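Accompanying notes for the structure given below.
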Amino acid sequence: MRAPHPNGRVADGVRIRFSNFHLPCLRSKLSQVSTEPAMAFVKIIPQAHLPYNNEARDFSCNGKMICIANVWGKISAMDNECLHQGGSLGQGVVEDAKVVCPWHGWRWDPKTGVAEDHPDQKLKTYPIKVENGEVFIDLG
Ligand code: FES
C-alpha cells in the first residue's frame, strides 16, 4: 500500500490538504464523502421531441422502452410496459395527471409509478432533466 501524498486523493474527486491538518475538520470532510454511485444521465431525446402538455410518449433508451409524460409542464419518466398485461403506456393518454394505459385503462402516476387502483403495482421511475436543449435520463 502506498503512503498518501501530502496533497493526495483520499477518495475520487476529493482532495484534502494535510499542511493545515486539524482532525475534527478532517473527520467532517470525510463524513461528506459519498460512497453512493454517481448518477449517470444519458441523452434520450432532443427537448423538441418531448410530449406536449398533458401527453405521454414512448422512447427507446439503451434498449429499454421508457414512457415520458408531460403533466402540466412537469416531465416524468417511468417504465413503458404496463404491469397488467404489457400495454405501451407511451401510447396512452394523460388524464387528471395519470397516464392511462391504452389496453384496459389502468391509470399510472408518472411521478411515483404507482397504479391508482392497484397501489401494490409500481413501475420503476427515473430521474429526468433537460439541459441545453437535450433531455437526459438516469436509468440507474
Ligand atoms: S395492459 Fe395496461 S391496463 Fe391492461
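Heads up, the sequence shown is in this note's numbering, so the first residue is 69 and it goes up one at a time. For every residue, glycine included, the Cβ atom is placed at its ideal position computed from N, Cα and C. Since we're looking at a predicted model, the values are computed, not measured.
{"Query": "Excluding the 5 residues flanking E123 on each side, which residues of the same chain have their C-beta closer than 8 Å to its C-beta?", "Result": "A137, N138, V161, V162"}
{"Query": "Beta-carbon separation of F204 and I112 under 8 Å?", "Result": "yes"}
{"Query": "Quick check on DSSP: helix, strand or coil for D206?", "Result": "strand"}
{"Query": "Kindly indicate which three-state DSSP category H186 falls into: helix, strand or coil?", "Result": "strand"}
{"Query": "By the three-class DSSP mapping on this structure, what secondary structure does A116 have?", "Result": "helix"}
{"Query": "Mind checking P119: buried by the 16 CB within 10 Å criterion, or exposed?", "Result": "buried"}
{"Query": "Could you tell me which residues DSSP pairs with C135 in its beta bridges?", "Result": "D126, M146"}
{"Query": "Let me have the residue list for ligand 1: C-beta closer than 5 Å to any non-hydrogen atom, ordered along the chain.", "Result": "C150, H152, Q153, G155, C169, W171, H172, W174"}
{"Query": "Can you give me the C-alpha to C-alpha distance between R175 and S128, rounded to a whole angstrom?", "Result": "22 Å"}
{"Query": "Please state if the CB of K142 and the CB of L207 are separated by a distance shorter than 8 Å.", "Result": "no"}
{"Query": "Do you know offhand how far P178's Cα is from H172's?", "Result": "17 Å"}
{"Query": "Take Y194 and list the residues in its own chain whose beta-carbon comes closer than 8 Å to its own, dropping the five residues that flank it on each side.", "Result": "I134, A145, M146, I205, D206, L207, G208"}
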